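Enquirer: -16 is the number of the first residue of the sequence shown in our numbering; add one for each residue after it. Note that CB positions come from ideal geometry on N, CA and C, so glycine has one too. Since we're looking at a predicted model, the values are computed, not measured. Once you've had a glance at the structure underneath, I'll fire off some questions.
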Amino acid sequence: MNVLAINGSARQDGNTAILLNTVLKELHKEGIETELIQLSGQKIAPCQACWACSGLKNCLHGEDNFYEILEKVKIADGILLGSPVYAANISATMQSFLERAAVVADMNREAKLLRHKVGATVAVARRGGALQTLDAMLHFFLLQEMFVVGSSYWPIAYGQMSGDVLQDQEGLATAKTLGKNMAYLLKTLKERRNEQ
């Protein structure tokens, strides 16, 4: 089993990466392979609404890093998304990625590219907007018939400067619980598939 984490922050290895890695550490403890992709410094152009992805199972336009990332998403058992709060919502790069991925999945609905994968999200906020940020990412999962993982509270942490989230003990504890719950669901689904 493997989980692909995508960090939508413009800061590499900042607060969002810290929170994502807190979740990934719990998955490692359960023997689940993980990979973290950081969108910082990567070019992810918005969807061009050309619908050329129909039948291709990926985006036709290969002038950025979207194609390679979506290929990893398609083979992962679980997807973990993280974004800081920018203007009361997800980062622009995460928005572009999710819009394009949603269009590819919708245009190839019969292929069920993301169906029954496990999805989880985390958000980092200075003050407000964290729930809207979580919602934006969760709605992507729900539209794709994915299973969504919950935690003991909303999986958010507070901080502005890199490293600030390490002071948010409740946020870190919630991320750890999210990782444990994600591992449980992944293992349960694997057992179920093995029984069939």
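With three or more C-beta pairs closer than 8 Å as the rule, is the segment 125 to 136 touching the segment 165 to 178?
Expert: yes
Enquirer: Using 8 Å for Cβ pairs, my map puts leucine 97 next to leucine 3. What's the rounded Cβ distance?
Expert: Incorrect: roughly 19 Å between the Cβ atoms, too far for contact.
Enquirer: Taking the alpha-carbon of isoleucine 139 as reference, which of Leu126, Cys30, Gly112 has the nearest alpha-carbon?
Expert: Gly112
Enquirer: If we require 3 or more residues per run, which beta strand (DSSP E) segments fall completely within the segment -2 to 75?
Expert: 16 to 21, 61 to 67
Enquirer: Exposed or buried, glycine 38, counting other C-beta atoms within 10 Å across all chains shown (16 or more means buried)?
Expert: exposed
Enquirer: Excluding sequence positions up to five away, which residues of its chain have a Cβ less than 6 Å from the Cβ of leucine 10?
Expert: Val(-14), Thr17, Gly162, Ala166
Enquirer: Tell me whether asparagine -10 sits in a helix, a strand or coil according to DSSP, three-state version.
Expert: strand
Enquirer: Of all the options Asn(-2), Thr5, Gln25, which has the alpha carbon lying nearest to the alpha carbon of lysine 159?
Expert: Thr5
Enquirer: Distance, Cα to Cα, leucine 126 vs threonine 104?
Expert: Going by the C-alpha atoms only, they are around 15 Å apart.
Enquirer: Do you know whose CA, among Gly61, Ala28, Lys8, lies nearest serine -16's CA?
Expert: The displayed chain sequence assigns methionine, not serine, to residue -16. The residue with the shortest Cα to Cα distance from methionine -16 is Gly61.
Enquirer: By how many angstroms is the C-alpha of glutamate 54 removed from the C-alpha of glutamine 152?
Expert: Distance between the alpha carbons of glutamine 152 and glutamate 54: 35 Å.
Enquirer: Could you tell me the distance, in whole angstroms, from the CA atom of cysteine 33 to the CA atom of lysine 40?
Expert: Answer to the nearest angstrom: the Cα atoms are 14 Å apart.
Enquirer: Leaving aside the five residues before and after alanine 88 along the sequence, list all residues of the same chain whose C-beta is less than 6 Å from its C-beta, in chain order.
Expert: Leu96, Leu97, Gln127
Enquirer: State the Cα-Cα distance for the pair alanine 59 and arginine 109, rounded to the nearest angstrom.
Expert: 31 Å
Enquirer: Of the residues Gly154, Leu121, Arg(-6), which one's Cα is nearest the Cα of glycine 24?
Expert: Arg(-6)
Enquirer: Quick check: isoleucine 27 and aspartate -4, are their CB atoms within less than 8 Å of each other?
Expert: Their beta carbons are not under 8 Å apart, which means isoleucine 27 does not touch aspartate -4 by this criterion.
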